[in-house]
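Okay, so here's the structure we're looking at.
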Amino acid sequence: MHAQATDVPAFSALSESLRTAYFYDCYSVELPTDSRSPLELYLSVVSQTPRWVDFLMNIRNKVVARLGLKDMGPLSGIDPQKPPQAYRVGDQAGIFKVLELHEREVILGETDRHLNVKISVTTQDKPGCTVASVSTVVHVHNLMGRIYMFFVTPAHRIIAPATVSKLGPRAH
7 MHAQATDVPA
17 FSALSESLRT
27 AYFYDCYSVE
37 LPTDSRSPLE
47 LYLSVVSQTP
57 RWVDFLMNIR
67 NKVVARLGLK
77 DMGPLSGIDP
87 QKPPQAYRVG
97 DQAGIFKVLE
107 LHEREVILGE
117 TDRHLNVKIS
127 VTTQDKPGCT
137 VASVSTVVHV
147 HNLMGRIYMF
157 FVTPAHRIIA
167 PATVSKLGPR
177 AH
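Here my numbering is used: the first residue of the sequence shown is 7, the next is one more, and so on.
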């Protein structure tokens with residue numbers, strides 16, 4: 007399954023924040039009809055994070071810690087023993103906190119003094135398939151946030167669609 011750049015779904019809780027965002031994007035993939043929740047899809051993807059992405063996150067964490075940004079840990083840093091149904095708003099799920107849980111959307115994010123990042127995973131059933139969309143919305147607060155995004159945006163444009171493409175059918 008290859009992810010395509012798409013608009014942020016109109017029903018997403020992040021839609022209203024797009025007009026003031028410094029950066030946003032969305033990648034979608036059509037899956038065979040899939041009953042997994044948006045949180046289950048997110049956890050599935052981050053649990054499959056390639057080692058090279060976690061390696062880059064480790065370098066990122068070391069560099070940005072000196073600049074006052076948070077060390078977010080590895081992208082794959084989820085508890086493999088914790089079932090998706092056990093997650094609650096406020097829980098850490100990889101590098102992001104669960105901010106909102108809905109039947110067709112999960113909002114995760116992180117905020118520091120330089121920027122605010124939110125990730126949305128949505129699902130929408132269509133005839134014969136489920137469309138899963140992953141949106142990223144960033145609001146920067148100052149010059150350091152803009153400098154950070156200057157360096158992160160090119161990597162994000164490679165990693166995000168590659169990651170969303172991993173939202174394949176559930177393994178049996």
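Backbone N, C-alpha and C define an ideal beta-carbon position, used for all residues, glycine too. For clarity, every value in this text was computed on a predicted model and none was experimentally measured.
Work out the CA separation of residue j and residue i for me, nearest whole Å.
i, j, result
"residue 9", "residue 69", "30 Å"
"residue 65", "residue 76", "13 Å"
"residue 151", "residue 120", "5 Å"
"residue 133", "residue 149", "46 Å"
"residue 48", "residue 36", "15 Å"
"residue 91", "residue 17", "23 Å"
"residue 31", "residue 171", "15 Å"
"residue 159", "residue 53", "22 Å"
"residue 163", "residue 60", "16 Å"
"residue 129", "residue 26", "24 Å"
"residue 135", "residue 87", "29 Å"
"residue 101", "residue 63", "10 Å"
"residue 24", "residue 115", "15 Å"
"residue 71", "residue 168", "26 Å"
"residue 137", "residue 45", "14 Å"
"residue 15", "residue 41", "19 Å"
"residue 104", "residue 97", "6 Å"
"residue 50", "residue 57", "15 Å"
Which of the three DSSP states, helix, strand or coil, is assigned to residue i?
i, result
"residue 84", "coil"
"residue 144", "strand"
"residue 51", "helix"
"residue 96", "coil"
"residue 30", "strand"
"residue 174", "coil"
"residue 115", "strand"
"residue 158", "helix"
"residue 139", "strand"
"residue 14", "coil"
"residue 38", "strand"
"residue 126", "strand"
"residue 20", "coil"
"residue 106", "strand"
"residue 68", "helix"
Within the same chain, show all residues whose beta-carbon is closer than 6 Å to that of residue i, passing over the 5 residues directly before and after it, in chain order.
i, result
"residue 94", "none"
"residue 174", "7"
"residue 142", "31 and 125"
Could you name the residues of the same chain whose beta carbon sits closer than 8 Å to that of residue i, not counting the 5 residues immediately before and after it, in chain order?
i, result
"residue 19", "106, 108, 111, 113 and 126"
"residue 155", "28, 29, 121, 144 and 146"
"residue 117", "123"
"residue 43", "90, 109, 112 and 129"
Return yes when the Cβ of residue j is within less than 8 Å of the Cβ of residue i, no when it is not.
i, j, result
"residue 33", "residue 55", "no"
"residue 140", "residue 166", "yes"
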